[in-house]
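Right, one structure below, let's go through it.
Protein chains: 2
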Amino acid sequence: MGTEAHEDHEAGQEWADVSPDAARRLVRAAVEAFAERGYHATTTRDIAGRAGMSPAALYIHYKTKEELLYQISGVGHRLALGILEQAAAGDGTPAERLADAVRSFVHWQATHHTTARVVQYELGALGEEHYAEVLAMRRGTDSAVRSIIQDGVDAGDFDVPDVAGTTLAVLSLCIDVARWFNPNGRRTPETIGELYADLVLRMVGAVR
Amino acid sequence: MGTEAHEDHEAGQEWADVSPDAARRLVRAAVEAFAERGYHATTTRDIAGRAGMSPAALYIHYKTKEELLYQISGVGHRLALGILEQAAAGDGTPAERLADAVRSFVHWQATHHTTARVVQYELGALGEEHYAEVLAMRRGTDSAVRSIIQDGVDAGDFDVPDVAGTTLAVLSLCIDVARWFNPNGRRTPETIGELYADLVLRMVGAVR
DNA sequence: CCTTGCACTGAGCAAGCGCTTAGGGCTTCC
DNA sequence: GGAAGCCCTAAGCGCTTGCTCAGTGCAAGG
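Respectively, the protein sequence lines represent chains A and B. Be aware that the first sequence starts at -17, since it is given in our numbering, and climbs by one per residue. Be aware that the second sequence starts at -17, since it is given in our numbering, and climbs by one per residue.
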């Protein structure tokens, strides 16, 4: 209809190296369906149908429906953690690194908002072992952000009474983008990233 | 086990005037189950079991499982909207009213985090008409917060380049409390309310 | 041309789902 | 004491669910 989102050329790219082709189609279909209706409301028939195959074909590539979710959640968490750790390891000032972290993380959440929605809001549906594995990565994202904020405090650049609490709030703000972002709305991943980077610098009391 | 949450005397209070007693037990059981596992993963047998009755008894008080969700979502949204509108209509400075709004809204989200979780994250499971009804109330919460921020800008108290975007971010920050809040953690609804009120005043550039 | 191996399908199974129905006790009125 | 009305249960209906399995078509190797 000509109303496609402005970032279609990037969305779905995170699955480019899943092989074979049928497995890739299944993951993309599952992400779409899970993001739209949630894991429990999605049927394996729906996923297989979206991928253009019969319900039984799904089980050639994935043992269970939960394994599909685990694949999505694992890849998504690894990508998100990578973005934050790269920003934390940068060589700018703490303010520059924090702004970079928020900008790029938010940009990713918005661009890949379907994947992000599954990653952030469906982890409760994972099996016990897979859930524990994912939790470890989430602790990593927390410590990446906290280390930047702590650096800013130590350098005297930030004014933050409660580092742990502020870290939590910053991450919470970024994560929630996946819930409300609408690719057909006015805001682009770029403008939201800029806005949020600015808001977060204000939260930590960094001078502009 | 003696590890009960510190706000147990308040939690569940929002259903005090649901009658008869069996219907109230059902709502409380449904809130608990929906918050724990999500709407779609919760069975009517589970709800009835938690309420101490047979599966069939549920249908004497509610026509469908969705009607239970609608009751919860409706009451929850009305309470949340009331809190924000009361803060917006207060007679302090814009900074005082914004801090009050954030503090009391966050406090409510944390204290009633099971209800809040259902309210904020299960609205997609509502039927079409009920969903539209709830969306109208959500637009109300947005305009309540925006009006406070706009007042602050007009009065020259706030420095906000993007009022709509900042409103979105403030509400997003508060709403996400329902996702991560843990009643057995260190933070209480009061301390989170204080922290968030401070962070939001920084976001709008209000002088302390 | 035949065999092997693999992606895939049509049909369907056992289990669990939301919800219904027939009927039983209890209280409340005359 | 009997009728009426309400709250509740045991049983189960029709359907959908995640998942399985015997068998098919097809490309690769000899």
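The C-beta atom is built at its ideal place from N, Cα and C for all residues, glycine as well. If you're wondering where the values come from, they're calculated on a predicted model, not measured in any experiment.
Please name the residue, chosen from A:E67, A:E78 and A:A17, that lies closest to A:G122 on a Cα-to-Cα basis. Start at 1 with the first residue of the first sequence, and residue 122 of chain A comes out as number 140. Nearest of A:E67, A:E78 and A:A17 to A:G122, Cα basis: A:E67.
8 Å Cβ cutoff met for A:L51 and A:E104: By one-based count along the first sequence, residue 51 of chain A stands at place 69. By one-based count along the first sequence, residue 104 of chain A stands at place 122. Contact flag set, yes.
Burial state of B:P171 (16 or more Cβ within 10 Å): On the second sequence, position 189 is the one that residue 171 of chain B refers to. The residue in question, B:P171, is buried, as its Cβ has 16 or more Cβ neighbours within 10 Å.
Can you tell me whether DSSP reads A:K45 as helix, strand or coil? As a position in the first sequence, residue 45 of chain A is number 63, starting the count at 1. Three-state DSSP puts A:K45 in coil, outside helix and strand.
Which value, in whole angstroms, describes the spacing of the CA atoms of B:D144 and A:G109? Sequence index remark: in the second sequence, residue 144 of chain B carries index 162 (1-based). Sequence index remark: in the first sequence, residue 109 of chain A carries index 127 (1-based). Each residue's Cα considered, the two are about 42 Å apart.
Nearest chain B C-beta to A:G20 closer than 8 Å, yes or no? Position 38 of the first sequence, counted from the start, is the residue given in the question as residue 20 of chain A. By this cut-off, A:G20 is an interface position.
Would you mind working out which of A:I29, A:M119 and A:H94 sits nearest A:R7, comparing C-alpha positions? For this step, residue 7 of chain A is matched to residue 25 along the first sequence. The option with the nearest alpha carbon to A:R7 is A:I29.
Close-in-space but distant-in-sequence residues of the same chain around B:A92 (CB under 7 Å, 5 per side omitted): In the second sequence, residue 92 of chain B corresponds to position 110, counting from 1. Excluding residues within five positions, the ones whose Cβ falls inside 7 Å are V159, F163, P171 and I174.
Assigned exposure category for A:H(-12) - 16 Cβ within 10 Å defines buried: Looking up residue -12 of chain A in the first sequence gives position 6. For A:H(-12), the predicted model reports a pLDDT of 49, less than 50, meaning its position is unreliable; a value from the coordinates is still stated below. A:H(-12) should be labelled exposed.
Taking only beta-carbon atoms, is A:D158 less than 8 Å away from chain B? By 1-based counting over the first sequence, the position of residue 158 of chain A is 176. Yes, A:D158 lies at the interface with chain B (some Cβ there is under 8 Å from its Cβ).
Any beta carbon from chain A within less than 8 Å of B:H(-12)'s own beta carbon? As a first step, residue -12 of chain B must be located in the second sequence, where it is residue number 6. Unreliable placement is indicated for B:H(-12), whose pLDDT of 49 sits below 50; the coordinate value is still reported in the next sentence. False, the Cβ-Cβ gap to chain A never drops below 8 Å.
Give me the residue from A:S125, A:D133 and A:A5 with the minimum Cα distance to A:L150. Here residue 150 of chain A is taken as the residue at index 168 of the first sequence, counted from 1. A:L150 has its Cα closest to that of A:S125, out of A:S125, A:D133 and A:A5.
For B:W162, which residues in chain A fall below 8 Å Cβ to Cβ? Here residue 162 of chain B refers to the residue found at position 180 of the second sequence. Ordered by position in chain A, the residues that pass the 8 Å Cβ test against B:W162 are L150 and S154.
Can you check which of these residues, B:A12, B:H43, B:V135 and B:P37, is closest to B:S1 by C-alpha distance? Taking the first residue of the second sequence as position 1, residue 1 of chain B is located at position 19. When each option's Cα is compared against that of B:S1, the closest is B:H43.
Please list, in chain order, the chain A residues whose beta carbon lies closer than 8 Å to that of B:L181. The residue you call residue 181 of chain B lines up with position 199 of the second sequence. Under the 8 Å cutoff, chain A gives T148, A151 and M185.
Listed in chain order, which residues of the region 92 to 117 of chain B have Cβ atoms closer than 8 Å to some Cβ of chain A? Y103, G106 and A107
Could you work out which residue in A:G134, A:R184 and A:A11 is closest to A:D73 when comparing CA atoms only? Position 91 of the first sequence, counted from the first residue, corresponds to residue 73 of chain A. Of the candidates A:G134, A:R184 and A:A11, the one whose C-alpha sits nearest the C-alpha of A:D73 is A:G134.
Residue from A:G31, A:G64 and A:T25 with nearest C-alpha to A:T46: Locating residue 46 of chain A in the first sequence gives position 64, where the first residue counts as 1. Among A:G31, A:G64 and A:T25, the Cα nearest to that of A:T46 is on A:T25.
Buried/exposed call for B:L117, threshold 16 Cβ in 10 Å: Working through the second sequence from its first residue, we reach residue 117 of chain B at position 135. It counts as exposed.
Under 8 Å, Cβ to Cβ, is there at least one residue of chain A near B:Y178? Your numbering for residue 178 of chain B matches position 196 in the second sequence. So, interface residue.
I think A:H112 touches B:H22, with their Cβ atoms under 8 Å apart; what is that distance to the nearest whole Å? Counting from 1 along the first sequence, the entry for residue 112 of chain A is found at position 130. Counting from 1 along the second sequence, the entry for residue 22 of chain B is found at position 40. That belief does not hold up - the Cβ atoms of A:H112 and B:H22 are roughly 19 Å apart, past 8 Å.
Comparing alpha-carbon positions, which option in B:H95, B:V100 and B:A83 lies nearest B:L183? The residue given as residue 183 of chain B occupies position 201 in the second sequence. Of the candidates B:H95, B:V100 and B:A83, the one whose C-alpha sits nearest the C-alpha of B:L183 is B:A83.
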